[in-house]
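The listed protein sequences correspond, in order, to chains G and U. So that you can map any letter, position 228 of the first sequence is 228 in full-length UniProt numbering, and since no number is skipped, the others follow by simple counting. So that you can map any letter, position 7 of the second sequence is 7 in full-length UniProt numbering, and since no number is skipped, the others follow by simple counting. Ideal placement from N, C-alpha and C gives every residue a C-beta, glycine not left out.
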Amino acid sequence: MQSCIFSIMTPVFSALQQLYYDPDMDKKNVAQKWLTQAQASPQAWHFCWALLQPDKVPEIQFFGASTLHAKISHHWSDLPPGQLDSLRSQLIAQVGQFASGPKMVLTRLCVALASLVLHVLPETWPTAVPDLLCAFQTGEGVTEADGQARCLALLELLAVLPEELQSSRIPASRRSQLRSALAVDWSLVCSLFQQLLQRPDAPCPIRERVLRCVSSWLTLGIALKDSEVLLESCFALLKESDIISQPDCQRFADSLLKVVPQVLGLQEQLKKAVQDGDMETSHGICRIAVALGETHCRTLLEQVDRWQGFQALVSMIMSCTGTPGHYPVDETSSSLTLTFWYTLQDDITSLDAERQTLYLQIYRPVYFQLVDVLLQKASFPRDEDYATWSADDKEQFRTYRVDISDTLMYVYELLGPELLRNLYDKLGTLLTDTTHPSSWQDIEALLFGFQSIAETVDVSYSDVIPGLIGLIPLITANNVQLAETIMFTIGSLAEWLADHSLMLASILPVVLHGLSNPELSVACVSALKRICRECRHDLHLHASDIMAVSQAVLVKDIHKSPQCMWIMQALGFLLSALPSDELLGKLLSLVTPHIQQLEKLANEPPSSANKLLIVHILGLLANLFSTFDLNKQSERLEVMRPVQTQPHNDNPVVVVLQQAFPLIQTILNKWLNEPEVVEAVCAAFEKSLKTLLHDFAPLVTQLCELIGQMFGAYPQASALDLTRQLVHIFGCEKDLFSPITALLELITNITISIFQLGSRDHPDVVESFMQLHTQVLRRKSDLYLSDRLDIKAVFYCGILSFKFPETPTLKATCLLFTELISHCDDIPVVREVLQEDGKLLLQTLLEAIGGQSPSSLAEHFAEVLFSVSRNCPSMLSLWLREALLPPGFPSSHLTTEHKEHFCQQILREQVSKRRMKDIVKEFALLSRGLQGTEYAASY
Amino acid sequence: MAYQLYRNTTLGNSLQESLDELIQTQQITPQLALQVLLQFDKAINTALANRVRNRVNFRGSLNTYRFCDNVWTFVLNDVEFREVTDLVKVDKVKIVACDGKNTGSNAAD
Chain G
1 MQSCIFSIMT
11 PVFSALQQLY
21 YDPDMDKKNV
31 AQKWLTQAQA
41 SPQAWHFCWA
51 LLQPDKVPEI
61 QFFGASTLHA
71 KISHHWSDLP
81 PGQLDSLRSQ
91 LIAQVGQFAS
101 GPKMVLTRLC
111 VALASLVLHV
121 LPETWPTAVP
131 DLLCAFQTGE
141 GVTEADGQAR
151 CLALLELLAV
161 LPEELQSSRI
171 PASRRSQLRS
181 ALAVDWSLVC
191 SLFQQLLQRP
201 DAPCPIRERV
211 LRCVSSWLTL
221 GIALKDSEVL
231 LESCFALLKE
241 SDIISQPDCQ
251 RFADSLLKVV
261 PQVLGLQEQL
271 KKAVQDGDME
281 TSHGICRIAV
291 ALGETHCRTL
301 LEQVDRWQGF
311 QALVSMIMSC
321 TGTPGHYPVD
331 ETSSSLTLTF
341 WYTLQDDITS
351 LDAERQTLYL
361 QIYRPVYFQL
371 VDVLLQKASF
381 PRDEDYATWS
391 ADDKEQFRTY
401 RVDISDTLMY
411 VYELLGPELL
421 RNLYDKLGTL
431 LTDTTHPSSW
441 QDIEALLFGF
451 QSIAETVDVS
461 YSDVIPGLIG
471 LIPLITANNV
481 QLAETIMFTI
491 GSLAEWLADH
501 SLMLASILPV
511 VLHGLSNPEL
521 SVACVSALKR
531 ICRECRHDLH
541 LHASDIMAVS
551 QAVLVKDIHK
561 SPQCMWIMQA
571 LGFLLSALPS
581 DELLGKLLSL
591 VTPHIQQLEK
601 LANEPPSSAN
611 KLLIVHILGL
621 LANLFSTFDL
631 NKQSERLEVM
641 RPVQTQPHND
651 NPVVVVLQQA
661 FPLIQTILNK
671 WLNEPEVVEA
681 VCAAFEKSLK
691 TLLHDFAPLV
701 TQLCELIGQM
711 FGAYPQASAL
721 DLTRQLVHIF
731 GCEKDLFSPI
741 TALLELITNI
751 TISIFQLGSR
761 DHPDVVESFM
771 QLHTQVLRRK
781 SDLYLSDRLD
791 IKAVFYCGIL
801 SFKFPETPTL
811 KATCLLFTEL
821 ISHCDDIPVV
831 REVLQEDGKL
841 LLQTLLEAIG
851 GQSPSSLAEH
861 FAEVLFSVSR
871 NCPSMLSLWL
881 REALLPPGFP
891 SSHLTTEHKE
901 HFCQQILREQ
911 VSKRRMKDIV
921 KEFALLSRGL
931 QGTEYAASY
Chain U
1 MAYQLYRNTT
11 LGNSLQESLD
21 ELIQTQQITP
31 QLALQVLLQF
41 DKAINTALAN
51 RVRNRVNFRG
61 SLNTYRFCDN
71 VWTFVLNDVE
81 FREVTDLVKV
91 DKVKIVACDG
101 KNTGSNAAD
């Protein structure tokens, strides 16, 4: 063995040399790989000690210590029998050796020792903790280091012990066994910590290390009563400013049940820290107060005889919420407190009715105060200050305001409409008080409060909304943020306006006025869209105004493309609710300018600028048609006039589309090779198809021809998707189906020829093709009874698609086969192809499961196998074993036993899809050599 | 430990696929892959807790709910999702929710 170690030492040293000092990255990587392998070898148990020799540099010693830890934590079972005692004593000796440093080596060794303790506790070495305490306290036979160094080494060990328990992957039952074993030793450890903390001459590093140990041990779920004295000592330390910023102190929060007075005692310190701008200290104290409040809210709330203490804590937290200055530039503490207010509210509202009434008397005023504080915190800083903020600060402030908004929304549950009244009164005062001109920030904050609540809560119970709507036009919106909040507030009231349509007249002009301001684009257009969506049945009187302003801003190009699309959606809602005699005229006046522009573009030579414009205009039409839904309108009319006839024979959208058809054809002829244009055309039809549904019938024949031409000239996925929609909607209509059938035959033949030429460059076409045929099988499987549709060819295309690496393509292929196989009884040709080439299908599937496709898709392949097992079990029993027969197929990791076991399981499974998925998943992991690894367990 | 539910997202799945490939070609060990996944869990939990504030409102009728192992599950029918500008209607939605309060701050430590 000795010679063996010597022979490996030289390459280890030279690899370490390369790893740490060689400038060449490639060499470093090779060295790293080699060292990882060396660590895994059995010799590593021996060479690690040589690396720890005092004459070695710290990097090499560190690698030695890491190797030890790796061996103990991951290769414990390799430890030769009878070696435990010597490993243990050697390791303890090494910890002693490195007690005075270097720190990184000491920590690694302590982690290794902790890992060892966790392997042998409690059976083999029940007294591990007391033994180690004793060894390091006396130092006899362990180390010659001085008292303080030994103490620090021991504390390092005690700190990492519970951490190692947390971080290593141990089965839950073993973890809880270890936790209880360590908890038994707590009294001993606790008294050591206490002694160290109380020693007046204890140096600061020792105290800090003790605090770290305590917080580490508290994660073991130590009983509080055993630790009270220790916690008091910890609190005494909090008063020392150099320790307060230790993050560990804040973790004591779990156990602060009985220490409210001590937390309250920190108030003066908090005040001073806030005054001095000492953010670190104020943040720390704030965390302690919040953690106590959040964790023990219910318990403290129910301590009726101690209510004053808890109330004082609540006001302390309130003062943290209201920390002066702006988040996140001047302070970062206030955001910590928000969750506490939810917790307190939940705890109050879950009390029994009698106590709730009592508590609400006390806490309603507190929550009203909270609203004031939150709105103050949500208000924007002065313009000149805000201008100096970084983009990151502004983004943080935005998310902070959303958090405040969520809190206000929740607080409304407690305070109810009175909260809105309160906000309304304040807003009224601000806007009407002429003696003190108000800042835009204050007005904005109040509106923000309204909006936060109205966004999600039904405000119909509040009587102040009409007043608010009366106040909004009085606001001089001389600032973008304020104007945006006004628009968002109006948008949030859209549902309310639907029930109070008289108020629309006073609020719509505000929105329409804002529409011409590009700075307000998102806020204003979204307000318009929400109003049009919710109030479309009451907008008749305003329709002309809305249309005129919208048309004007669209023509002037004021908004970016997405906002133009929203405007069209808004207009779609608006138009669809107009009386039928006005519909066509209004629709034509809206679309004509755009269609004229499209005509002009169609006649110009193609350029990239033209392409963008064409796609934009087609997008406008698609968005208009997506919300122009007369079926919804008639649903509403049916309530009033049950004799409404359907379908709409001359649906205006159909009229427009029919008129525009030749133009669309002209455009396509020119732009056929541009996927964006083809997609935009398809999207326009798809959107209108989705809303028109059966009203689309007059266009079906024309559209089928168009799709055929498009696909014939340049096959694209969007054409297949549009065909799928047609199959979906008209699948059951005999009269209309013949053009669809013809189209289906045509595009199937074209796609098959793509497969023949090599389909690898078109995964999206393949995916859409698979989806299309899945849809046909679902909606109209009798089409496959005709010999004009070659389902066998589709089957072979599917086999080829299984080899694609694209996940969506594979999923679509799995779906097709699942559906196809389920038809093996009713479509003879399906049965035939499965009989002929079922083995090929199984081989392909097994190859995919066995490593060719991502293992996350295993469950989709399982669905196909399950469908085979359910619908044609004879095929499975015939082919499965044979398919698996070749050695090394589908993976070299599989033995004959593995395969046999898999066959037995699969052949048995016809009932549970879940079970089938588990079997396939296990097989997929086995094939990748991953079975049994922790990594695979995390799948 | 951070929640692992985000592994079943596009990002998580892609990461796992890449890790699988690296293990297959013996460029990394399964142990390292696991560490990467754990790091991913931590990072995505923190990012979603701290960096995202997009809000979507929804309403629907509650069909089933359960609270098991600290995980809430709700099954809703006829749900309307409202984002500021969009409204989406869905027949059935399953919501799986864990307590996000601790993950963000723990990870931040």
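| Item | Value |
| --- | --- |
| Go to G60(U), then tell me how far its beta strand (DSSP E) extends in each direction, as first and last residue. | 57-68 |
| Is there a Cβ of chain U sitting closer than 7 Å to that of Y935(G), yes or no? | yes |
| Could you work out which residues of chain G lie near Q39(U), taking near to mean beta carbons separated by less than 9 Å? | Residues of chain G passing the Cβ test: none, with the nearest at roughly 12 Å. |
| Per the contact definition of three or more C-beta pairs closer than 8 Å, is the segment 108-119 of chain G in contact with the segment 81-97 of chain G? | yes |
| Would you tell me roughly how many angstroms separate the C-alpha atoms of P890(G) and A40(G), rounded to the nearest one? | 29 Å |
| If you count every other CB in all the chains shown that lies within 10 Å of the CB of I849(G), and 16 or more means buried, which is it? | buried |
| Count the CB pairs spanning the segment 52-66 of chain U and the segment 20-30 of chain U that are closer than 8 Å, and state whether there are at least three. | no |
| Tell me the rounded alpha-carbon separation between I747(G) and G758(G). | 16 Å |
| Could you give the residue range of the alpha helix (DSSP H) that holds N478(G)? | No alpha helix (DSSP H) contains N478(G), which DSSP labels as neither H nor E. |
| Taking buried to mean at least 16 other C-beta atoms within 10 Å of its own C-beta, is V184(G) buried or exposed? | exposed |
| Considering only C-alpha positions, which residue in the set P171(G), A172(G), E156(G), Q177(G) is nearest to F193(G)? | E156(G) |
| Quick one: grab the DSSP three-state call for P642(G). | At P642(G), the pLDDT of 39 sits below 50, so the modelled position is not reliable; the number obtained from the coordinates is stated separately. Looking at P642(G) - three-state DSSP - the assignment turns out to be coil, as it is neither helix nor strand. |
| With 7 Å set as the bound, which would you pick, yes or no: does the beta-carbon of A33(U) sit closer than that to a beta-carbon of chain G? | yes |
| Look at the alpha carbon of E882(G) and the alpha carbon of S18(U), and state the distance between them as a whole number of angstroms. | 32 Å |
| Mind checking if R59(U) is an interface residue toward chain A, Cβ cutoff 7 Å exclusive? | Included in the structure are the protein chains G and U, with no chain A among them. |
| Enumerate in chain order the residues of its own chain whose CB-to-CB distance from L865(G) is below 7 Å, with the five nearest sequence positions on each side excluded. | L845, I906, M916, V920 |
| Looking at the unbroken beta strand (DSSP E) that takes in F81(U), where does it start and where does it end? | 71-82 |
| Mapping the DSSP letters down to three states, classify D825(G) as helix, strand or coil. | coil |
| State buried or exposed for W72(U), treating a residue as buried only when at least 16 other CB atoms are found within 10 Å of its CB. | exposed |
| Name the chain U residues that come within less than 8 Å of P854(G), Cβ to Cβ? | N13, Q16, E17, D20 |
| Would you decide whether T691(G) is buried or exposed? Buried here means 16 or more other CB atoms lie within 10 Å of its CB. | buried |
| Compare the C-beta of T9(U) against all C-beta atoms of chain G and say whether one is closer than 7 Å. | no |
| Relative to chain U, which residues along the segment 563-595 of chain G have a C-beta separation below 7 Å, given in chain order? | W566 |
| Please classify Q716(G) as buried or exposed, where buried requires at least 16 neighbouring CB atoms within 10 angstroms. | buried |
| Taking buried to mean at least 16 other C-beta atoms within 10 Å of its own C-beta, is L930(G) buried or exposed? | buried |
| With a threshold of 16 other CB atoms inside 10 Å of the CB of N8(U), please say whether the residue is buried or exposed. | exposed |
| Kindly indicate the opening and closing residues of the beta strand (DSSP E) around C213(G). | Premise fails: C213(G) lies in the alpha helix (DSSP H), 204-218, not in any beta strand (DSSP E). |
| Using 7 Å as the limit for Cβ to Cβ distance, is V402(G) near chain U? | yes |
| Check the C-beta distance from M565(G) over to A527(G) and give it rounded, since I have them as a contact under 8 Å. | Contact doesn't hold; Cβ gap of about 16 Å is too wide. |
| Quick check on A527(G): does DSSP put it in helix, strand or coil? | helix |
| Are the CB atoms of A680(G) and L618(G) within a distance shorter than 7 Å? | yes |
| Quick check: L431(G) and L471(G), are their CB atoms within less than 7 Å of each other? | yes |
| Is it right to say S927(G) is buried, meaning 16 or more other beta carbons lie within 10 angstroms of its own, or is it exposed? | buried |
| Hey, quick one: how far does the alpha helix (DSSP H) through L48(U) stretch, first residue to last? | 30-50 |
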